[in-house]
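Here's the structure we're looking at; comments come further down.
2 protein chains.
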Amino acid sequence: MNIAVLGTGMVGHTIGSALIRLGHSVKMGSRTKGNEKAVAWVTANGANASEGSFSDAAAFGKVIFVCTKGDGTLDALRAAGAVNLAGKVLVDISNPLDFSKGMPPSLFICNTDSLGEQIQHTFPDAKVVKTLNIVNCEVMVNAGKSSPNDRGTMFVSGNDADAKQMVVGNFLTPWGWNDVIDLGDITTARGTEMLLPIWVRTWAATGNGHFSFKIVR
Amino acid sequence: MNIAVLGTGMVGHTIGSALIRLGHSVKMGSRTKGNEKAVAWVTANGANASEGSFSDAAAFGKVIFVCTKGDGTLDALRAAGAVNLAGKVLVDISNPLDFSKGMPPSLFICNTDSLGEQIQHTFPDAKVVKTLNIVNCEVMVNAGKSSPNDRGTMFVSGNDADAKQMVVGNFLTPWGWNDVIDLGDITTARGTEMLLPIWVRTWAATGNGHFSFKIVR
Numbered sequence: 151m152n153i154a155v156l157g158t159g160m161v162g163h164t165i166g167s168a169l170i171r172l173g174h175s176v177k178m179g180s181r182t183k184g185n186e187k188a189v190a191w192v193t194a195n196g197a198n199a200s201e202g203s204f205s206d207a208a209a210f211g212k213v214i215f216v217c218t219k220g221d222g223t224l225d226a227l228r229a230a231g232a233v234n235l236a237g238k239v240l241v242d243i244s245n246p247l248d249f250s251k252g253m254p255p256s257l258f259i260c261n262t263d264s265l266g267e268q269i270q271h272t273f274p275d276a277k278v279v280k281t282l283n284i285v286n287c288e289v290m291v292n293a294g295k296s297s298p299n300d301r302g303t304m305f306v307s308g309n310d311a312d313a314k315q316m317v318v319g320n321f322l323t324p325w326g327w328n329d330v331i332d333l334g335d336i337t338t339a340r341g342t343e344m345l346l347p348i349w350v351r352t353w354a355a356t357g358n359g360h361f362s363f364k365i366v367r
Numbered sequence: 151m152n153i154a155v156l157g158t159g160m161v162g163h164t165i166g167s168a169l170i171r172l173g174h175s176v177k178m179g180s181r182t183k184g185n186e187k188a189v190a191w192v193t194a195n196g197a198n199a200s201e202g203s204f205s206d207a208a209a210f211g212k213v214i215f216v217c218t219k220g221d222g223t224l225d226a227l228r229a230a231g232a233v234n235l236a237g238k239v240l241v242d243i244s245n246p247l248d249f250s251k252g253m254p255p256s257l258f259i260c261n262t263d264s265l266g267e268q269i270q271h272t273f274p275d276a277k278v279v280k281t282l283n284i285v286n287c288e289v290m291v292n293a294g295k296s297s298p299n300d301r302g303t304m305f306v307s308g309n310d311a312d313a314k315q316m317v318v319g320n321f322l323t324p325w326g327w328n329d330v331i332d333l334g335d336i337t338t339a340r341g342t343e344m345l346l347p348i349w350v351r352t353w354a355a356t357g358n359g360h361f362s363f364k365i366v367r
């Protein structure tokens, strides 16, 4: 299917290429058409890859992957345009990381609100599904990368059950996530976004970013 | 050794009894000596169990387990008395859960501070080790309870390396935690305390509180 990837950083590149490998057509969106990193990604990914503005990409995609830095997410989606998001599944991978106070980052929204919720409130006609934000992007598209013999848990949050099921079936399952917990509505994104503080500290303590969280039960 | 358990709730009872089973002498502390729940616990746990005020317990213990509700932790420690905490290992299991805004609870401290840090700041001569706060109390003292075939990860945070090592060797290891990650100083308690929001939502989604978090790597 036609999919938009918003964001030209490492997460956007990794998700975009993984979607191409699944047979989808992907348009990478950025602030302005012709973004150098987006063009490089298109060149590397063949005929099913294209690029354009946030608005071009969102108009193209039936599903929209939000791979922007958290503090740019709402602006990117406003640039994409509410009309281009309406009725569509919006997979929110972004995190409200605040690097302005030094390392490790804190969160600029948490506890009684979340970035996932702010997106859903701002674009009520989109079907926001928060997922994948709790692992490194290489692990997102290859759950087995953490360990060959074990597998982490992935969470999904969102108000639309069909949208969550669609994301699980079309993306999480092919990417190796065979233990998925549906936490409930989009307010549960508070829980997964608040995993970032332990993520960054585990990464610092172990020197390994290719890990995942497993709910042992 | 002589150990204080501050708090007479389910966590205090479970930790206290597990310490007795490890061969320690345990004094359970509460606001006033003779607390009904503390007396019941002593009756059930034999000759090595005793009870008293927070101050009695803290004076008795070489190690102090903080098993109070988070919003009562600092008051309980003030009642215990800085002089009775000085130089001792203080195992902080409490969480800054805020039930005042309804369910699921939010946190009354997070992101740029933590309850573990507040304890360490308030009692600079104590050696605070934050651990065990991320699982149900039955799992705290029996890591295998989550699953017979798998085992979660336990984190420790604290400024004193010897204190952390002492807690791992004397308590975490006998309780079955064979995968322990030392996150670093007490500021890393922000990470583990911020696991509570995903804990409560996972519990709500699965109906099972006897789970643990494993870092798959």
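Note that the protein sequences, when read in sequence, are chains W and X.
With our numbering applied, the first sequence covers 151 to 367.
With our numbering applied, the second sequence covers 151 to 367.
The beta carbon of each residue, even a glycine, is placed where N, CA and C say it ideally should be.
{"Query": "Pick from X:Gly-162, X:Ile-170, X:Val-161 and X:Thr-164 that is closest to Asn-152 (chain X), judged by C-alpha positions", "Result": "X:Ile-170"}
{"Query": "Distance between Asp-263 (chain X) and Lys-212 (chain X) (C-alpha atoms, nearest Å)", "Result": "27 Å"}
{"Query": "Where His-174 (chain W) falls, given that 16 or more other Cβ within 10 Å makes a residue buried", "Result": "buried"}
{"Query": "Three-state class that DSSP yields for Ala-354 (chain X) in the structure shown", "Result": "helix"}
{"Query": "Asn-234 (chain X) (DSSP reduced to helix, strand or coil)", "Result": "helix"}
{"Query": "Neighbouring residues, chain W, relative to Pro-347 (chain X) (Cβ below 8 Å)", "Result": "Asn-261, Arg-340, Gly-341 and Met-344"}
{"Query": "Cβ of His-271 (chain W) within 9 Å of any chain X Cβ", "Result": "no"}
{"Query": "Best match in X:Leu-172, X:Gly-326 and X:Leu-227 for proximity to Ser-180 (chain X) [C-alpha to C-alpha]", "Result": "X:Leu-227"}
{"Query": "Own chain residues within Cβ distance below 8 Å of Val-216 (chain X), not counting five before or after", "Result": "Leu-156, Gly-157, Thr-223, Ala-226, Leu-227, Leu-240, Val-241, Asp-242, Ile-243, Ser-244 and Ile-269"}
{"Query": "Residues of the segment 240-264 of chain X whose Cβ lies closer than 8 Å to any Cβ of chain W, in chain order", "Result": "Lys-251, Ser-256, Leu-257, Cys-260, Asn-261 and Thr-262"}
{"Query": "Euclidean distance between Cα positions of Gly-266 (chain X) and Thr-337 (chain X)", "Result": "8 Å"}
{"Query": "Collapsed DSSP secondary structure at Val-289 (chain X) in the structure displayed", "Result": "helix"}
{"Query": "Residues sharing a beta bridge with Asn-261 (chain X), DSSP", "Result": "Its beta-bridge partners do not exist; DSSP assigns none."}
{"Query": "Pairwise C-alpha distance: Phe-305 (chain W) and Thr-342 (chain W)", "Result": "7 Å"}
{"Query": "C-alpha gap between Ala-209 (chain W) and Leu-333 (chain W), whole angstroms", "Result": "29 Å"}
{"Query": "Inter-stretch contact (C-beta, 8 Å, three-pair minimum) for the segment 251-260 of chain W and the segment 284-297 of chain W", "Result": "no"}
{"Query": "Within chain W, partners of Gly-302 (chain X) - CB distance below 7 Å", "Result": "Val-366"}
{"Query": "Proximal residues, the segment 286-300 of chain W versus chain X, C-beta separation under 8 Å", "Result": "Ser-296, Ser-297 and Asp-300"}
{"Query": "Whether Leu-172 (chain W) touches Pro-347 (chain W) by CB criterion (9 Å)", "Result": "no"}
{"Query": "Helix, strand or coil at Lys-177 (chain X) [DSSP, three-state]", "Result": "strand"}
{"Query": "Neighbourhood of Val-285 (chain X) by C-beta, 6 Å cutoff - its chain only, sequence neighbours within 5 removed", "Result": "Ser-362"}
{"Query": "Residues of its chain near Leu-282 (chain W), where Cβ-Cβ distance is below 6 Å and the 5 sequence neighbours each way are ignored", "Result": "Ile-243 and Met-290"}
{"Query": "Those residues which DSSP pairs with Phe-363 (chain X) across a bridge", "Result": "W:Ile-365"}
{"Query": "Interface residues of chain X facing Asn-358 (chain W) [CB-CB closer than 8 Å]", "Result": "Arg-367"}
{"Query": "Within-9 Å CB hit, Val-317 (chain W) to chain B", "Result": "The structure shown has no chain B; the protein chains it does contain are W and X."}
{"Query": "Where Asp-242 (chain X) sits in the DSSP three-state scheme", "Result": "strand"}
{"Query": "CB-CB length for Arg-367 (chain X) against Thr-356 (chain W), believed under 8 Å", "Result": "7 Å"}
{"Query": "Interface flag, Lys-331 (chain W) vs chain X, CB-CB below 9 Å", "Result": "Here residue 331 (chain W) turns out to be Ile, not Lys, going by the sequence shown. Closer than 9 Å to some Cβ of chain X, the Cβ of Ile-331 (chain W) qualifies, so yes."}
{"Query": "Asp-248 (chain X) - DSSP class collapsed to helix/strand/coil", "Result": "strand"}
{"Query": "Partners in chain W for Ser-362 (chain X), counting only beta-carbon separations shorter than 7 Å", "Result": "Val-366"}
{"Query": "Coarse secondary structure for Asn-299 (chain W), derived from DSSP in three states", "Result": "coil"}
{"Query": "Range covered by the beta strand (DSSP E) that runs through Gly-162 (chain W)", "Result": "Careful: Gly-162 (chain W) lies outside any beta strand (DSSP E), inside the alpha helix (DSSP H) at 160-171."}
{"Query": "Interface partners of Gly-326 (chain X) on chain W, CB under 9 Å", "Result": "None at all; the shortest Cβ gap to chain W is about 12 Å."}
{"Query": "Chain-order list of residues whose beta-carbon lies under 7 Å from that of Asn-292 (chain X) (same chain, five-residue window excluded)", "Result": "Trp-325 and Gly-326"}
{"Query": "Within 9 Å, strictly: CB atoms of Asp-329 (chain X) and Thr-303 (chain X)", "Result": "yes"}
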